[in-house]
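Numbering (the working numbering), first residue to last: 993 to 1113.
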């Protein structure tokens, strides 16, 4: 495996850096739902329909490691933990808002393209 030159930029551009943080099927949805405020794990799992426990836990850990999500353990029994966005995570939401608007505007076109893709297989 080739070792990168120390002068080689880590990211090609800002989009590349952003995609590094939100890459993965579930991360953008996790961030979207956490924008509503502190959320317990079970509520987040219900909101992000279709995600497995293993994948949700992994994605939350990665987002926490990247400084996007804060995990708060209230030190109670039974265990009570909630997740919220950090200021860095909130800035990411602001960057994602135009993308959400684009998806809402073109939702029918996107659904039609997905249907065409299914039928062409």
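Beta carbons: idealized from backbone N, C-alpha and C, even for Gly.
Values in this document were obtained by computation on a predicted structure and should not be read as measured data.
Residue pairing from DSSP leaves residue 1107 without any beta-bridge partner. Under the three-state reduction of DSSP output, residue 1011 falls in the helix class. A buried status is given to residue 1052, since no fewer than 16 other beta-carbon atoms sit within 10 Å of its beta-carbon. One Cα belongs to residue 1007, the other to residue 1043, and the distance between them is close to 25 Å. Secondary-structure assignment with DSSP links residue 1032 through a beta bridge to 1074. Residue 1084 and residue 1014 have their C-alpha atoms roughly 9 Å apart.
In terms of Cα proximity to residue 1055, the closest of 1069, 1082 and 1038 is 1082. Between the alpha carbons of residue 1005 and residue 1087 lies a gap of roughly 15 Å.
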